[in-house]
Amino acid sequence: MTASEPASADELSREFFAAIDARDPRRLRATLANHASFRALPHRELIRPADEIVAYFGTVVSSYPTARWEVTDVIANGERAVVQFMLREFASQLGRELLSEQVAIFRTSADRITSIVGYYDTDEFRRQFWSEGA
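If you use my numbering, the sequence shown corresponds to residues 98 to 231, in order.
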């Protein structure tokens, strides 16, 4: 990407997760359009605008202080990207790493993310991170 080339959906979605992993709210905010929206799952409450999305992810990273977010695959076309990523956190009481593989669909426009919808197995996540990992 150069100064004259717009950021691709691939680049923006990767930067979004890199900012979360770095726990950098300014960097995260820079990826989002002012009117951006986020849903943790389809049909869940819509979070918007961008500053509310940043605040939401602030609570997420606070809840999982040692967790890491790692993008494992991106399929992008035009202003859309589907991102497969891993949420990892070591559970010392279990002596192993907890893993949650998730997917998010991104829409972008004018060098910013405009929409994110996440998909993950809520039962698996609760079992690992709240039951076993507690």
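Ideal placement from N, C-alpha and C gives every residue a C-beta, glycine not left out. If you're wondering where the values come from, they're calculated on a predicted model, not measured in any experiment.
Check, Outcome
"Residue 176 in three-state terms, based on DSSP", "coil"
"Cβ contact check for the segment 165 to 173 and the segment 137 to 146: 3 or more pairs under 8 Å", "no"
"Cβ-Cβ distance between residue 106 and residue 177 below 8 Å", "yes"
"Whole beta strand (DSSP E) elements within the segment 143 to 231, 3-residue minimum", "165 to 174, 177 to 188, 193 to 206, 209 to 216"
"Three-way DSSP call (helix, strand, coil) for residue 123 in this model", "helix"
"Cβ-Cβ distance between residue 157 and residue 125 below 8 Å", "no"
"Residue 207 versus residue 174 - alpha carbon distance", "15 Å"
"Alpha carbon of residue 172 to alpha carbon of residue 108, nearest angstrom", "11 Å"
"Segment contact, 8 Å Cβ cut-off, at least three pairs: the segment 210 to 217 with the segment 132 to 144", "yes"
"Beta-carbon contacts of residue 111 that lie in its chain and below 7 Å, excluding the five residues immediately before and after", "168, 171"
"Euclidean distance between Cα positions of residue 162 and residue 179", "26 Å"
"Option in 193, 114, 132 with minimal Cα separation from residue 154", "114"
"Exposed unless 16 or more other CB atoms sit within 10 angstroms - verdict on residue 119", "exposed"
"Residues near residue 185 by beta carbon distance below 6 Å, same chain, minus five either side", "165, 194, 196"
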